[in-house]
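I have placed the structure first, in the form of structure tokens, so that the comments after it can refer back to it.
In structure tokens form, the structure reads like this:
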């Protein structure tokens with residue numbers, strides 16, 4: 113098939129959706145499909161050959177985060193030209209109600225359309241504002257995907273309709289094969305703990321982790337906390353909150369994908385202290401694939417990725433004291449860590465791109481079949497039947 117994928121968020125500052133789009137495109141190409149991606153990016157930003165840069169994006173507050181989006185008549189014209197030149201068998205839009213490229217592409221599209229919804233939030237003012245702009249265009253969507261049950265629930269509550277749940281993907285073998293780096297490897301007396309996330313975004317939970325540092329150090333004096341991610345506020349926060357204990361926190365800055373895999377393979381535990389707004393938690397799956405113990409806030413999305421806590425350890429969301437107690441217990445229990453890590457290695461296989469790509473291709477086939485349904489056959493009924501079949505397949509897995 114010829115597949116066009118549209119990402120609403122800029123590749124100038126990659127995030128979870130951008131990485132998902134990139135990995136999906138490459139997984140589809142590895143199966144022999146032709147894939148082109150349209151996404152915001154500056155002309156100077158290095159992007160893959162299959163990606164068309166739609167121009168500069170502007171940072172805006174969106175769904176509790178800062179997203180880099182692009183919109184307007186010039187962007188619409190570029191999107192129209194890209195769609196006309198692509199002649200795609202199926203168009204795959206990510207976050208089509210975000211006011212950026214995917215929304216523009218949905219307005220213009222004429223053919224089988226698949227939409228993936230990533231957002232998970234109990235109340236989304238952004239969705240409420242955007243919904244009137246796309247209400248009629250949503251009827252163009254032939255099939256919907258949600259990356260988690262949480263994202264599906266957000267979709268149903270805010271936009272109506274339904275979706276098949278297909279998780280984010282991870283290249284499990286890549287992380288499993290990552291080698292440990294001596295700079296980040298701990299010892300029984302001086303274990304290492306990693307955090308990855310934007311430092312200046314409160315919901316990513318860095319303040320929750322910093323709030324646990326002193327209590328952990330009191331019981332495990334040699335512990336080191338390795339913090340990777342963009343943002344300037346982290347070191348200042350640590351110094352103000354921890355004083356001398358801030359010496360136990362090392363800020364690595366932004367790390368490459370290769371270094372991220374090595375970091376996860378090196379540490380004794382990975383902490384995910386996010387406080388909300390998470391629809392999946394791809395870095396949890398990456399840590400699981402790397403063979404690292406995961407300690408995560410008990411958000412619904414994280415609990416599902418960790419198989420209810422059998423593949424990792426959960427603590428009360430936003431509770432630094434409970435995080436400290438949980439982390440100390442995990443670090444002092446190497447046998448328990450090893451047992452959970454073994455479970456995680458089995459569980460994470462369901463998120464491998466080999467399995468995820470199979471499911472996405474099944475949705476593409478459903479979308480094309482529904483769009484090309486013979487006269488007299490109800491495409492909506494056909495889509496509904498195939499959606500149920502996809503759900504049954506997912507439950508069987």
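Numbering (our numbering), first residue to last: 113 to 509.
Virtual Cβ for every residue (Gly too), placed ideally from N, Cα, C.
CB contact flag (residue i, residue j, <7 Å)
{"i": "residue 438", "j": "residue 407", "result": "yes"}
{"i": "residue 391", "j": "residue 260", "result": "yes"}
{"i": "residue 217", "j": "residue 182", "result": "no"}
{"i": "residue 325", "j": "residue 364", "result": "no"}
{"i": "residue 308", "j": "residue 395", "result": "yes"}
{"i": "residue 419", "j": "residue 281", "result": "no"}
{"i": "residue 301", "j": "residue 334", "result": "yes"}
{"i": "residue 413", "j": "residue 388", "result": "no"}
For residue j and residue i, the rounded distance between their alpha carbons
{"i": "residue 487", "j": "residue 118", "result": "Summary for residue 487: the model assigns pLDDT 46, below 50, so the residue's position carries little reliability; its value from the coordinates is reported in the next sentence. Approximately 30 Å between the Cα atoms of the pair."}
{"i": "residue 184", "j": "residue 152", "result": "12 Å"}
{"i": "residue 375", "j": "residue 306", "result": "8 Å"}
{"i": "residue 422", "j": "residue 409", "result": "14 Å"}
{"i": "residue 463", "j": "residue 477", "result": "21 Å"}
{"i": "residue 266", "j": "residue 231", "result": "7 Å"}
{"i": "residue 366", "j": "residue 146", "result": "32 Å"}
{"i": "residue 220", "j": "residue 122", "result": "20 Å"}
{"i": "residue 287", "j": "residue 248", "result": "42 Å"}
{"i": "residue 160", "j": "residue 341", "result": "22 Å"}
{"i": "residue 166", "j": "residue 205", "result": "15 Å"}
Those residues which DSSP pairs with residue i across a bridge
{"i": "residue 409", "result": "427"}
{"i": "residue 114", "result": "146"}
{"i": "residue 257", "result": "228, 276"}
{"i": "residue 436", "result": "Residue 436 is not bridged to any residue."}
{"i": "residue 282", "result": "464"}
Which listed residue (the options) has its alpha carbon closest to that of residue i
{"i": "residue 378", "options": "281, 210, 304", "result": "304"}
{"i": "residue 460", "options": "381, 285, 160", "result": "285"}
{"i": "residue 144", "options": "223, 268, 113", "result": "113"}
{"i": "residue 294", "options": "120, 202, 371", "result": "371"}
{"i": "residue 126", "options": "443, 212, 424, 369", "result": "369"}
{"i": "residue 253", "options": "269, 275, 227, 268", "result": "227"}
{"i": "residue 451", "options": "195, 413, 470, 425", "result": "425"}
{"i": "residue 346", "options": "315, 383, 310", "result": "310"}
Assigned secondary structure, residue i (DSSP; H/G/I helix, E/B strand, else coil)
{"i": "residue 365", "result": "strand"}
{"i": "residue 168", "result": "coil"}
{"i": "residue 193", "result": "helix"}
{"i": "residue 350", "result": "helix"}
{"i": "residue 305", "result": "strand"}
{"i": "residue 125", "result": "coil"}
{"i": "residue 336", "result": "strand"}
{"i": "residue 419", "result": "helix"}
{"i": "residue 402", "result": "coil"}
{"i": "residue 476", "result": "helix"}
{"i": "residue 357", "result": "helix"}
{"i": "residue 382", "result": "strand"}
{"i": "residue 318", "result": "helix"}
{"i": "residue 140", "result": "helix"}
Residue i CB to nearest heavy atom of the ligand SAH below 6 Å
{"i": "residue 218", "result": "By its list of ligands, the structure shown contains no ligand whatsoever, and the ligand SAH lies outside what it can speak to."}
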